[in-house]
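Under numbering that gives the first Met the number 0, the residues of the sequence shown are numbered 0 to 81, in order.
C-beta: ideal position from N, C-alpha, C; glycine also.
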Amino acid sequence: MPKKIKMPKGESILAAWAEPARGPGWSNQPLWYVTNRGGDLNLHAIQPEGQTPEMVTLYNISAAVHAALTKAIEAIVEKDNA
0 MPKKIKMPKG ESILAAWAEP ARGPGWSNQP LWYVTNRGGD LNLHAIQPEG QTPEMVTLYN
60 ISAAVHAALT KAIEAIVEKD NA
């Protein structure tokens, strides 16, 4: 069973998503989550060995939605070339 993650009092999870990464000779499947505490946002990762069976089951669904939604948003974002 994965170990528990300690979260400071008053901190809450705002979002979570799967975002695989790979390069020459390596790959990784972390889950990412953003927490909020007093207006400060913090990014955290849960490595595969720390994921629960439910997280593993949902991983590919979340990764597909994350990739599609990111692509859809990028299509309407104008980048400042300054």
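Rounded C-alpha distance that separates residue i from residue j
i: Q28; j: I45; result: 9 Å
i: N59; j: I4; result: 22 Å
i: L40; j: M6; result: 13 Å
i: G38; j: K8; result: 14 Å
i: P52; j: N80; result: 44 Å
i: K78; j: M0; result: 44 Å
Selected residue, minimal CA-CA separation from residue i, among the options
i: R36; options: I75, P19, Y58, I12; result: I12
i: L42; options: W31, I72, E48; result: W31
i: P19; options: T34, E10, E53, V64; result: V64
Residue i, DSSP secondary structure in three states
i: A44; result: strand
i: G49; result: helix
i: V64; result: helix
i: N59; result: helix
i: I4; result: coil
Cβ-Cβ distance between residue i and residue j below 8 Å
i: S61; j: W25; result: no
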